[in-house]
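Heads up, the thing below is written out as structure tokens.
Protein chains in written order, with my numbering: chain B, 793 to 1099; chain Z, 268 to 791.
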């Protein structure tokens, strides 16, 4: 595996909070970043079928009005579709620049109405009929098809979507402090696993941890000119009123950051390229807002809520 | 699944056949005699088998648990675990638990107090002061939730009723709720202690009913919003899909809708005032603590559920639905399979699941009886030491092995490790609960995290003996893992590679770290 390649591309993104920078990456840096939102949302309230009378008939009270001069009306995308006005500053400009697209009516034939079955079905990407291989996610198969171009999951656990024949490393960006075990100790531990089914995970874990820590230490320093710390960023977000719950302590902040990372699975390829180190402040509000919508459950929302 | 330590496993496999045969031929009592008061001491292979079983049935081997199973013999140990009596914790630990707010204040009173705090905070006019007051409220919610998680861990670590504690977590995960929804942080401790734990080895029907009537569940799955004319199907769906019948359990969307109607009006009341109920329905109103059945919100129409009518009569309709769900063969199979997934294998043998389901049905959903069938199955014995530990099992078993009955002073480090590995208590957001399979946990990132935890425990630097508070008191406690238990019991079961690693340790700290990092420690 060309580990160095993905580490270098990862280094473009020293913190998940800088996700906004990714949009500005030049076209030559072909990458696929998959963010899987594990909650549910009302698609017809985000992507508004403005040409559909059925939509307006079905939602006499909560439909988003057709595009107009009022600030509460849908933002025009084309003659059939509009965007919820809350996205005016975030996703809408991306659409206008040709950097965002929407795929309506994408779904599965799974009629169980089970949230979990449907999630599994999407992550597995296999026909619903017949027996399914639960150890084969579609991103893993894609990675195999792309000749093993490096993929990585920024999650604590390897999600189903990334499980399969290609060994995909994972590392939550939160835990990238200096490795606790030195090289000798790591080698001795790895030797215990030699020839066992866990051997690959153990070796991969040590290698990724060490290399990420080394690469990111330099990157973080280079990228942190004028940037605020993660904690400062959180406080900044609170001041801007974008976080629904005030974290009571550092642990809570970590909890929230971790959850966000768990939602995002990324696969990336590409040449070594670094974005200029941008202060977090500039891109801070956008990911914060996304986070507020899908991260920590907001009161009266989340949990098992899905219909 | 291939085994992490091949030479030992050959021995063990032989032992399995012997033990399995003994049980089938001669029955339980005889087996107990052979391993305890019997004349001949157990062979090395039998001893290894006993340790492996202890490791599976408990939260992890340690010296005191090992002494108990040696003294009682395997069979008597199993029966005691399946039918536990109250076993007090050591005094120092009981004192830790007794000092907790969640123990000293009943849930409904604690809730009232915190509701008042929340209202007071919201009513503060000054923005900065309001922020401070709201933060204090959130911190108090966090604190009581942390108490609940700490109590849970202390019981896992030190209770002699190890199976009951294992099953408490199993059912808590099965009937999952998430602490960060609404004010569930106030409710999770009571949910675990009052709804789950007393029934963890009892009748499934009682357990199911206790969860149906607990405010934590009714709030988590939105049933408090479920009313006649404003149906919310969430809970009804999960009750069948995740709690009882299973997704292919033979129910239809119509059944979901009908069960949702049965559940209308079942909710919570976090305040101190009762709702206005129509005069003719007032006799039907029920309030028990925070649980409330409000007949005004109930759909009193005729219903049919799973192919049979349900007579409209208010809250009692639920009992009828619970009966039907808990006695369905689909439930027997679904629950049996999940138990086998937890205790036997990521791919439970269908024949074993079938036998367990038969016991479940014959015993009217007796959980201990179902487990008894499983514990005596050759498939169970053949599976020992091969189930990959989820993070909670890894953390608890490591601390148990390191410190045995020495009481930790601070569970905070353990809670942090569980956070890092993605399995905090009450922390699963979705109602399906945490995965019980290796593929969900054995990722590269998780393995390296486990080794770091092994080092923290092994070197005594974890902070488990450092009290919280402004003037933390630390009693350094360096674990002695190279002890009698190790040399007499554990060492013979270790693979050659693990022994070779241990020989390279440059210090006792490193030796501990390697033992806790070994493949053997990752499995139960």
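A virtual CB, placed ideally from N, CA and C, is assigned to each residue, including glycine.
Values in this document were obtained by computation on a predicted structure and should not be read as measured data.
{"Check": "Residue 713 of chain Z Cβ short of 8 Å to the ligand FAD heavy atom set", "Outcome": "Among the components of this structure there are no ligands whatsoever, and the ligand FAD is therefore not found."}
{"Check": "Opening and closing residue of the beta strand (DSSP E) in which residue 570 of chain Z lies", "Outcome": "570-572"}
{"Check": "Residue 962 of chain B and residue 945 of chain B closer than 9 Å at C-beta", "Outcome": "yes"}
{"Check": "Distance between residue 692 of chain Z and residue 750 of chain Z (C-alpha atoms, nearest Å)", "Outcome": "31 Å"}
{"Check": "C-beta neighbour in chain B for residue 254 of chain Z, strict 9 Å", "Outcome": "Because chain Z spans 268 through 791 in this model, residue 254 of chain Z falls outside it and cannot be assessed."}
{"Check": "Delimiting residues of the beta strand (DSSP E) encompassing residue 535 of chain Z", "Outcome": "533-535"}
{"Check": "Helix, strand or coil at residue 655 of chain Z [DSSP, three-state]", "Outcome": "strand"}
{"Check": "Residue-level contact to chain B via CB, residue 786 of chain Z, 9 Å cutoff", "Outcome": "yes"}
{"Check": "Neighbour-count burial assignment, residue 538 of chain Z, 16 or more Cβ in a 10 Å radius", "Outcome": "exposed"}
{"Check": "Proximity test, Cβ basis, 9 Å: residue 514 of chain Z and chain B", "Outcome": "yes"}
{"Check": "Members of the segment 714-725 of chain Z near chain B, C-beta cut-off 8 Å", "Outcome": "714, 715, 716, 718, 719, 722 and 723"}
{"Check": "Within-9 Å CB hit, residue 520 of chain Z to chain B", "Outcome": "yes"}
{"Check": "Chain-ordered chain Z contacts of residue 961 of chain B [CB-CB under 9 Å]", "Outcome": "710, 711 and 712"}
{"Check": "Buried or exposed by the 16-neighbour rule on C-beta atoms within 10 Å, applied to residue 734 of chain Z", "Outcome": "exposed"}
{"Check": "Own chain, CB closer than 6 Å to residue 587 of chain Z, minus 5 neighbours either side, in chain order", "Outcome": "577"}
{"Check": "Residues near residue 518 of chain Z in its chain [Cβ-Cβ closer than 6 Å; skip 5 each side]", "Outcome": "507 and 512"}
{"Check": "Coil, strand or helix - residue 642 of chain Z by DSSP", "Outcome": "helix"}
{"Check": "Residue from B:989, B:838, B:979 and B:959 whose Cα sits closest to the Cα of residue 876 of chain B", "Outcome": "B:838"}
{"Check": "Contact under 9 Å by Cβ, residue 436 of chain Z with residue 419 of chain Z", "Outcome": "yes"}
{"Check": "Residue interval of the beta strand (DSSP E) (run including residue 559 of chain Z)", "Outcome": "558-560"}
{"Check": "Exposure label - residue 448 of chain Z; buried when at least 16 CB within 10 Å", "Outcome": "buried"}
{"Check": "Any 3 or more C-beta pairs closer than 8 Å across the segment 832-850 of chain B and the segment 863-878 of chain B", "Outcome": "yes"}
{"Check": "Separation of residue 927 of chain B from residue 914 of chain B, as counted between CA atoms", "Outcome": "13 Å"}
{"Check": "Under 7 Å from the C-beta of residue 993 of chain B: neighbouring residues of chain Z", "Outcome": "709, 710, 711 and 714"}
{"Check": "Anticipated Cβ contact below 8 Å, residue 326 of chain Z with residue 663 of chain Z, distance rounded", "Outcome": "5 Å"}
{"Check": "Short-range partners of chain B found in the segment 373-392 of chain Z, where Cβ spacing is below 9 Å", "Outcome": "none"}
{"Check": "Proximity test, Cβ basis, 9 Å: residue 706 of chain Z and chain C", "Outcome": "Here chain C cannot be found, since the structure's protein chains are B and Z."}
{"Check": "For residue 472 of chain Z and residue 632 of chain Z, believed in contact at Cβ under 8 Å, the rounded distance", "Outcome": "5 Å"}
{"Check": "From Z:641, Z:635 and Z:739, residue whose alpha carbon lies closest to that of residue 612 of chain Z", "Outcome": "Z:641"}
{"Check": "Sheet register partners of residue 733 of chain Z (DSSP bridge)", "Outcome": "Z:741"}
{"Check": "Cα-Cα separation, residue 894 of chain B to residue 846 of chain B", "Outcome": "21 Å"}
{"Check": "Counterpart residues of residue 493 of chain Z in DSSP-defined beta bridges", "Outcome": "Note: residue 493 of chain Z sits in no beta bridge, so no partner."}
{"Check": "Collapsed DSSP secondary structure at residue 929 of chain B in the structure displayed", "Outcome": "coil"}
{"Check": "Chain B contacts made by the segment 746-763 of chain Z, where a contact means CB separation under 7 Å", "Outcome": "none"}
{"Check": "CB of residue 689 of chain Z within 9 Å of CB of residue 891 of chain B, strictly", "Outcome": "no"}
{"Check": "Collapsed DSSP secondary structure at residue 790 of chain Z in the structure displayed", "Outcome": "strand"}
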